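Scroll down for the structure; my scribbles are underneath it.
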Amino acid sequence: MLFHMENKHGYNQFCPVALTSELICNRWTTLILRAFFCGATSYSDIQGSAPLMSSAILSRRLRELEFANIIEVVPAKENARKRYQLTAAGKALFPIVDQMGIWAQNWLRREITLEENMDPDVLFWELRQLNISRGIDVERRRVTEFNVSGVPAPKQRYWLIFEPDNIEICIKDPGHEVDLWITSSIKTLVEIWLGHVPLSQAYDEGALQLDGPRPEIEAFSEWFVLSHFAQAELERNADRR
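Read in order, the letters of the sequence shown are residues 1 to 241 in full-length UniProt numbering.
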């Protein structure tokens, strides 16, 4: 048998939808799967994708997913940090999670950009993961500073530090020389990232301000990697014009 359910409080139905729901519809489970599909492998990587999820809940959900043969622990050297990976069964869940995102792009446009959903921690986590997944391509340290409006004061400044072998997110000034300053509202940044507003349009209208040398400004669109769901949205908007 492929799945072994740890949670015995299920729907008690033979229906495949009911059985799958028992597995992935617990609170936070789908977001943990999203993190794996974005390339996360460590506990801290996964935790960064959902800042409001407690450590206790994350640990429990990881145990449940491992118990259900959706993820497995990657063999590691002694004293190495524990890492996880999706099993074949876990990878097969990608189309389900993917379609959830596509459905939300089509039917939850207003809810996506509600103020209470605008968490810059999640956006910068996504940007880091997307750049790591596609391969970091910098020969020297590149530092970008974001000044974000529309969020509480503690979340108004972020630094993304690109190194040849890593990308770091800082919420305090790291003390490095800045190559590019970005000023925008969190709503505008999210709308660009999801493809609701073209980057060029936000820049031309002044909703997105870039300050730095011309090569750094031109490089912004290369490393501000858009969401997996953005391309279809941009194509749909182009068809409407």
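Just so it is clear, CB atoms sit at the ideal spot from N, CA and C, and this is done for glycine as well.
Remember, it's a predicted structure, so these values are computed and weren't measured experimentally.
Query                                                                                                       : Result
Within-8 Å CB hit, GLN129 to chain D                                                                        : Included in the structure is just one protein chain, with no chain D present.
Residue of ASP121, VAL73, ASP165 and LEU65 minimising C-alpha distance to PRO154                            : ASP121
Cross-strand partners of LEU86 (DSSP beta bridge)                                                           : ILE71
Simplified DSSP assignment, three categories, for PHE229                                                    : coil
Proximity below 8 Å, CB of THR183 to CB of TRP159                                                           : no
Range covered by the beta strand (DSSP E) that runs through ILE182                                          : 180-185
Alpha helix (DSSP H) segments (min. 4 residues) lying fully within the stretch 102-151                      : 109-112 and 120-134
Among ALA89, LEU93, SER221 and ARG214, the one whose alpha carbon lies nearest that of ARG34                : LEU93
Straight-line Cα distance separating ASP204 from residue 242                                                : Given a span of 1 to 241 for the chain in the structure shown, any question on residue 242 remains unanswerable.
C-alpha gap between LEU62 and PRO213, whole angstroms                                                       : 44 Å
Endpoints, beta strand (DSSP E) assigned at GLU222                                                          : Not the beta strand (DSSP E): GLU222 falls in the alpha helix (DSSP H), residues 214-223.
ILE217 beta carbon less than 8 Å from that of LEU210                                                        : yes
Alpha helix (DSSP H) runs contained entirely in the stretch 186-212, provided each spans 4 or more residues : 186-193 and 199-204
Local Cβ density within 10 Å of MET100, reported as buried at 16 or more and exposed below that             : exposed
DSSP three-state assignment for TYR11, whether helix, strand or coil                                        : coil
6 Å Cβ shell around PRO170 - same chain, five flanking residues per side excluded                           : The amino acid occupying residue 170 in the given sequence is Cys; Pro does not appear at that position. Excluding residues within five positions, the ones whose Cβ falls inside 6 Å are TRP159.
Classification of PHE224 by the beta-carbon crowding that lies within 10 angstroms, buried from 16 upward   : buried
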